[in-house]
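In full-length UniProt numbering, the protein residues as written are 1 to 1079. Just so you know, even glycine gets a beta-carbon here, dropped at the ideal spot from N, CA and C. See below for the structure under consideration.
As structure tokens, this is what we get:
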């Protein structure tokens, strides 16, 4: 409680002393002395006001002032986080499975069982090493983003231009930027006129800044005086002075890194493994408690360490070893690594191996537009060229447009015009005689060129179509051109006019060859050729593809044109969060969200006089039923009880220590205006919080988003995540890094920045959406392998654990031996000379061999032949545990049945004697049970890998070969096992005496195979009942979120949904959204 109050006090103290850090571009936290709480948006205020707030001039800062501000604001770099690698490594030994393994190691060393101890500790260390290698890449992402900051900058200090390290820049520094420079910090531009540095010249020559890595916009942004430039963007043309207003973490660039550093995603597979490990640990604990009660309550024995042994500890060790899926992390890591290798062949590099599993269950893929769905470059498509002059061809328009282009200035449109003609035709070449650059009054560029063969001088021109039209004497095509222009503009296509005039000397005096302006349409960012219906259709079948772009108005039309041409949904949102009211970040919700619950004052009474401290408390308690949220201000000890009792206690400026500690908020400035300002801010935030369900519904229903900022992309992914969807995100720039880090699967496309690559889980080396589709297919295949393995491993663990537990206290060998001879506490059956123990048990070494052989074989499960699911894969642990329980219990039951049969074999009339089988001595009896348990484990694998009959899908050759080798080894070991004692249990090979003893192993094989067929039949029946009755949402809980497959509206308004998934499935999203709204 005290911490919360201190945070509230610190927040109010900050609100008085600082301009708060905003959630949108152009806002920054800057010290302004005693300025009242406000958000300064440097993008909106004028240059003079910005200089006044920053307390600087166009001549820069002095060295002394720089040193002072450097101490106050810190260096212009992102904060570095370091973690002790030893503690990180040891942390992987602190989880349920590791606890059980550590307990088993302690018991093994207590029994002086060094072999088992070394084996258990070795596996524990191996699993920790593998997990350490797969450690989260958040630190790499921050390092890559930090490295992207410009290393050098030119600043005006002490009246001179100095080249300095960009890390030493501070707010108020005046810097110089020119073509090719990287903007070192968020800054506000001066005028290009040295005589009038503060005046805005919108008609002057702007500088062009490439912000693609920050905002995803494909075109360079033109910046004039007073505009802002963001750290990390690149200067493409021009030169300007600018004043720095934000550095380091406070820059637009730095906020992206802050979002990444605040994201600690826990791998979904890790969550599943934790749950499975928790179930195993609880089960082991129950069995151990019962085992202790049975051992000490029923049997008499000494329990000492060393050679005399301790049956109780030995049995506990067997339970721990049998109950822990020891090699499960190793097998899963190897399986995922094999999947990562397969994805690499599809040009998808996996940076986090658990991303393979998460990609298989991805419901929604949020695809960045620029570079993934589009080519991220300008182009001129011949189908969009409109020729108005008869006799001219498209090739002529391209040629004259190329002649009118000046590529020396590297203007993108000029370069595109020139390259388009060079690609379309290699026709005649014109020699340039004179070039007139762009003239604002007429909005045209003109060139005088001479045709090499004829020597005729022509004047090709390009510019605004309306301006070009006025050059010609005829205007009868005006409406026609106007309609074409408006149609192109509605599709987000820019129109450029191209005209030709002969023998040109001056504008307006030349003879027109083309009597009107031809139009060449420049598409800002055309779709990729490999993102056609052959790619989009499979993508929509596997999950909704939502496009996210940073394009702003009027470029939003480009986004609509992109989705229309790709065949995607056209329900685009122009930012799910209003720019003026951005969605609250996690930091703001954490620091200020508590105020929302504490606002409101009952005004029925105008005041109270002559009250004592206890009266103040009674007044607060009296007001609470009428007004649930009561605030109280005070400054003295007498106010402390009421401050403590009120919903929000406010200690005013100068309050006593007692009042400060009893209150929730401490004011550091006198006056009621501070409380009013805090109330206004809190209510504003509360309104944003109320809009969360509305935003979530809108995000789920939308097909894409335009005009979004990095924090908006992050929150779009967060909303989809909170709506219970598995979310994938593609991107290539710094602006995408936070969302890539937050998404279940962050995918950095080909050509992505270092920041995006480090934040992503998967890095693509080939461009286009098709690579992602192939990766999803492979990921779903790997998911099937992982699910089959876990299904089998739980069943095998359950079989071993329950078999050993029940066999220990349910089977007393003496009860089966009818000819037993009393020999004190020990007994010997009359048919052999071996002493039979008080209870039945398998030695620990035999159990370890079963576990290791199985897990060693299962490494090959990554090569199994599986079929990718057409729907996103989901972990339904309840169904998984149900099926695994059926498999494990049936296998365990068959093993217990065999124990009863072999223990009864010495008796006349037993099944063994009726079938003519040799009666085994106790040592071979134990070996027979070991062989049966081992065979059941391996044969259960074939049942666990399919939902249908095991022969419906053949296993891979490698998996089949590995299983055959393991089965053969188990059989050979059972036959040739030397005669000895393990854990005081006699053991003997089945074929040591030759003769009929070979038939025992064959009989065990037949017995196991018959039960395996029955097990498979029961498994198929279990799946049929579970799906038919929709137990544990086995059917409705694993639905594909296809395009328009779910609707929050009536199904009559969504016929596609009804056709695709049925009426029941269309209700699933309503449940998800309703759950979010209830929260």
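Leaving out five residues before and five after residue i in sequence, what residues of the same chain have Cβ atoms less than 8 Å from its Cβ?
i: residue 102; result: 93, 124
i: residue 1026; result: 879, 882, 883, 1032, 1034
i: residue 527; result: 373, 374, 375, 562, 565, 566
i: residue 717; result: 366, 727, 729, 739, 742, 743
i: residue 1005; result: 935, 971
i: residue 211; result: 217, 220, 221, 230, 233
i: residue 159; result: 59, 60
i: residue 645; result: 617, 620, 621, 632
Since residue i sits in a beta bridge, which residues does DSSP pair it with?
i: residue 981; result: 986
i: residue 632; result: 649
i: residue 722; result: Paired residues: none, contrary to the question.
i: residue 241; result: 176
i: residue 460; result: 500
i: residue 1145; result: Residue 1145 cannot be examined here, being either before or after the span of the chain that is shown, 1 to 1079.
i: residue 90; result: Bridge partners of residue 90: none, in fact.
i: residue 189; result: 242
i: residue 855; result: Beta-bridge pairing links residue 855 to no other residue.
i: residue 731; result: 748
Can you grab the Cα-Cα spacing for the pair residue i / residue j, in whole Å?
i: residue 900; j: residue 815; result: 11 Å
i: residue 157; j: residue 176; result: 11 Å
i: residue 757; j: residue 751; result: 9 Å
i: residue 803; j: residue 977; result: 22 Å
i: residue 989; j: residue 845; result: 15 Å
i: residue 975; j: residue 888; result: 26 Å
i: residue 895; j: residue 806; result: 11 Å
i: residue 981; j: residue 926; result: 11 Å
i: residue 753; j: residue 746; result: 14 Å
i: residue 44; j: residue 386; result: 40 Å
i: residue 766; j: residue 736; result: 18 Å
i: residue 647; j: residue 654; result: 21 Å
i: residue 947; j: residue 733; result: 43 Å
i: residue 859; j: residue 979; result: 32 Å
Near residue i, what residues of its chain come up, given a Cβ to Cβ distance below 6 Å and the 5 sequence neighbours on each side ignored?
i: residue 69; result: 170
i: residue 172; result: 54, 56, 61
i: residue 651; result: 659, 660, 663, 666
i: residue 1011; result: 894
i: residue 956; result: 863, 864, 865
How should residue i be labelled, buried or exposed, when 16 other C-beta atoms within 10 angstroms of its C-beta is the threshold for buried?
i: residue 220; result: buried
i: residue 84; result: exposed
i: residue 892; result: buried
i: residue 968; result: exposed
i: residue 1126; result: In the structure displayed, the chain extends from 1 to 1079; residue 1126 sits before or after that span and is not available.
i: residue 897; result: exposed
i: residue 483; result: exposed
i: residue 1024; result: exposed
i: residue 253; result: buried
i: residue 293; result: exposed
i: residue 760; result: buried
i: residue 983; result: buried
i: residue 1007; result: buried
i: residue 529; result: exposed
i: residue 179; result: exposed
Could you pull out every residue in the same chain whose Cβ sits closer than 7 Å to the Cβ of residue i, ignoring the five residues on either side in sequence?
i: residue 791; result: 880, 883, 884, 944
i: residue 861; result: 335, 785, 788, 789, 959
i: residue 74; result: 248
i: residue 109; result: 117
i: residue 952; result: 946
Taking three-plus beta-carbon pairs below 8 Å as touching, is the segment 920-927 in contact with the segment 878-887?
Output reads no: the segment 878-887 does not touch the segment 920-927.
Counting Cβ pairs closer than 8 Å, one from the segment 932-941 and one from the segment 847-858, do we hit at least three?
The segment 932-941 is in contact with the segment 847-858.
Under 8 Å, with one C-beta from each stretch per pair, do the segment 906-914 and the segment 772-782 reach the 3-pair mark?
No, because fewer than three Cβ pairs between the segment 906-914 and the segment 772-782 fall closer than 8 Å, the two stretches do not touch.
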